[in-house]
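Take a look at the structure below.
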């Protein structure tokens with residue numbers, strides 16, 4: 475496994491984030507490119523995983539109140555780089571910044587097995603899109 479660096483998101487990383495979103499088929503984020511960039515700029519934590527060649531291979535975007543809850547909105551690792559511990563490094567780095575906060579995570583149905591295997595338990599919630607409000 476090559477060395478992975480976890481660091482804060484920089485605006486110049488956004489094209490690579492956008493490409494990962496496209497590859498994953500996350501059309502909502504892809505279609506709303508400007509809003510997605512704005513979300514990245516205004517999120518904390520906002521972390522990227524970069525390999526030795528400088529390629530962005532994963533990311534985590536979250537929101538937190540700093541003490542009680544760290545909400546991970548998006549966690550994505552490039553498909554060819556999965557099962558190498560990169561997601562765990564991203565989550566661990568984010569949690570180190572807020573060590574007393576619980577971690578809540580939005581997940582897709584296809585990622586449920588990964589999170590269950592990693593010790594997360596499901597919780598119940600609701601959602602409305604902005605246009606439904």
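Numbering (the working numbering), first residue to last: 475 to 607.
Glycine included, each C-beta is placed from N, C-alpha and C at the ideal position.
Since the structure is predicted, the reported quantities are computational estimates derived from the model, not experimental observations.
- Task: Could you spell out where the beta strand (DSSP E) holding residue 502 opens and where it closes?
- Result: Taken as a continuous stretch (DSSP letters only), residue 502 belongs to no beta strand (DSSP E), being part of the alpha helix (DSSP H) at 501-505.
Q: Within its chain, find whatever has a CB closer than 7 Å to the CB of residue 563; leave out the 5 residues flanking it on each side and keep chain order.
A: Here the set comprises 478, 480, 523.
Rounded Cβ spacing between residue 531 and residue 557 (contact assumed at less than 8 Å):
In this structure residue 531 is not in contact with residue 557, their Cβ atoms being roughly 12 Å apart against a cut-off of 8 Å.
field: Residues bridged to residue 536 (per DSSP)
entry: 546
Under 8 Å between C-beta atoms of residue 543 and residue 575: yes
Quiz item: Can you name the residues that DSSP bridges to residue 525?
Solution: In the DSSP output, where bridge partners are listed per residue, residue 525 has none listed.
Quiz prompt | residue 578 beta carbon less than 8 Å from that of residue 545 | solution = yes
Tell me which same chain residues have a C-beta within less than 7 Å of the C-beta of residue 567, skipping the five on either side of it? 480, 521
Cβ neighbour criterion (16 or more within 10 Å) applied to residue 516: exposed
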